[in-house]
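Asks: First the structure, which I've put down as structure tokens, then a few questions once you've had a look.
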Amino acid sequence: MGRTAPPIVSFRDADLLTHSDALHSLYVSAFCVPPWNEDEARAVEFLGRLASDVRRPGFTAALAFGGEEVLGFATAWTTLAPFPTDRCYPQAAAGLGPERTVDWLCGAREIDELAVRPVAQGTGLAVDLLKAMTDDAPGGRSWLLTSVQSTRAMSFYRSQGWTQATHPSPEGNGSAVFLSPHHPARHLAAQPL
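The sequence shown: position 2 = 2 (my numbering), numbered continuously.
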């Protein structure tokens with residue numbers, strides 16, 4: 001007997017913000033624990049960013065519902081040129097180099113956040129949310145950054161056929177770039193030594 005997947009609802013604009021309380025709660029349950037160890041201030045900052053993110057070109061989001069409760073969410077948008085220089089973007093650019101950064105990431109769908117409540121982890125919901133974010137990516141080009149300190153996240157993306165394109169030291173606080181299974185440059189990514 002197959003699993004019954006929770007319904008996933010897509011958003012392309014500020015209508016997502018009507019679910020801010022649920023997104024805040026979910027963010028806290030997913031990211032204010034190890035290995036992320038974020039605090040309440042970061043969760044509030046996420047909501048502030050989200051209010052701007054919904055206006056980004058190519059913005060898309062997906063929420064998975066279990067009854068009235070939001071069990072998981074994902075957000076994404078199109079990475080524009082010039083390549084951003086805030087947050088963890090400089091690590092991505094340093095790992096890829098300027099030419100690959102522009103060629104591989106600019107114009108592609110950037111998966112920004114993917115979170116599932118602990119009660120729904122291991123159910124395949126993260127797979128469904130990731131698929132909802134990438135199925136219609138332009139030219140199959142999707143990418144994301146994740147912390148190398150989260151072995152669970154790193155393993156998850158690899159298990160879904162994503163290719164790690166940068167290889168910061170696992171002992172550090174680095175972020176790794178992953179290219180989606182249909183990204184045309186995934187076979188060009190340097191593999192670890």
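For each residue, glycine too, the CB sits at the ideal point set by N, CA and C.
Pop quiz: Ala64 and Pro6 are said to be a contact at Cβ under 8 angstroms. What is the actual Cβ separation, rounded to whole angstroms?
Replies: For the purposes of this step, residue 64 is identified with residue 64 of the sequence shown, where counting begins at 1. For the purposes of this step, residue 6 is identified with residue 6 of the sequence shown, where counting begins at 1. Going by Cβ atoms, the distance from Ala64 to Pro6 rounds to 5 angstroms, so yes, they are a contact pair.
Asks: Where DSSP assigns a beta bridge to Arg109, which residues make up the other side?
Replies: Looking up residue 109 in the sequence shown gives position 109. Thr78 and Ser142.
Asks: Is it true that the CB of Ala108 sits closer than 9 angstroms to the CB of Gly72?
Replies: Along the sequence shown, read from residue 1 onward, the residue named residue 72 stands at position 72. Along the sequence shown, read from residue 1 onward, the residue named residue 108 stands at position 108. No, the pair does not count as a contact, with Cβ atoms beyond the cut-off.
Asks: So for Glu69, helix, strand or coil by DSSP?
Replies: For the purposes of this step, residue 69 is identified with residue 69 of the sequence shown, where counting begins at 1. Note: Glu69 maps to strand in three-state DSSP.
Asks: Going by alpha carbons, who is nearest to Ala176 out of Ala76, Pro192, Val33 and His187?
Replies: Taking the first residue of the sequence shown as position 1, residue 176 is located at position 176. Considering only alpha carbons, the answer is Pro192.
Asks: Just to confirm, is the Cβ distance from Asp21 to Val54 under 9 angstroms?
Replies: Counting from one through the sequence shown, the residue named residue 21 turns up at place 21. Counting from one through the sequence shown, the residue named residue 54 turns up at place 54. No. Outside cutoff.
Asks: For the beta strand (DSSP E) containing Val127, list its first residue and its last residue.
Replies: In the sequence shown, residue 127 corresponds to position 127, counting from 1. Careful: Val127 lies outside any beta strand (DSSP E), inside the alpha helix (DSSP H) at Leu125 to Thr134.
Asks: Please state the DSSP three-state secondary structure of Thr60.
Replies: If you number the sequence shown from 1, residue 60 lands on position 60. In the structure shown, Thr60 sits in a strand (DSSP, three-state: E or B).
Asks: Given that a residue counts as buried once 16 or more other Cβ atoms are within 10 Å of its Cβ, and exposed if not, what is Thr18?
Replies: Within the sequence shown, residue 18 is the residue found at index 18, counting from 1. With fewer than 16 Cβ atoms within 10 Å of its Cβ, Thr18 is classed as exposed.
Asks: In terms of DSSP beta bridges, what is Leu114 paired with?
Replies: As a position in the sequence shown, residue 114 is number 114, starting the count at 1. DSSP output for Leu114 lists Ala74 as bridge partner(s).
Asks: Smallest Cα separation from Trp162: which of Ala61, Ala153 and Asp39?
Replies: Residue 162 sits at position 162 when you count from the first residue of the sequence shown. Out of Ala61, Ala153 and Asp39, Ala153 has the C-alpha closest to the C-alpha of Trp162.
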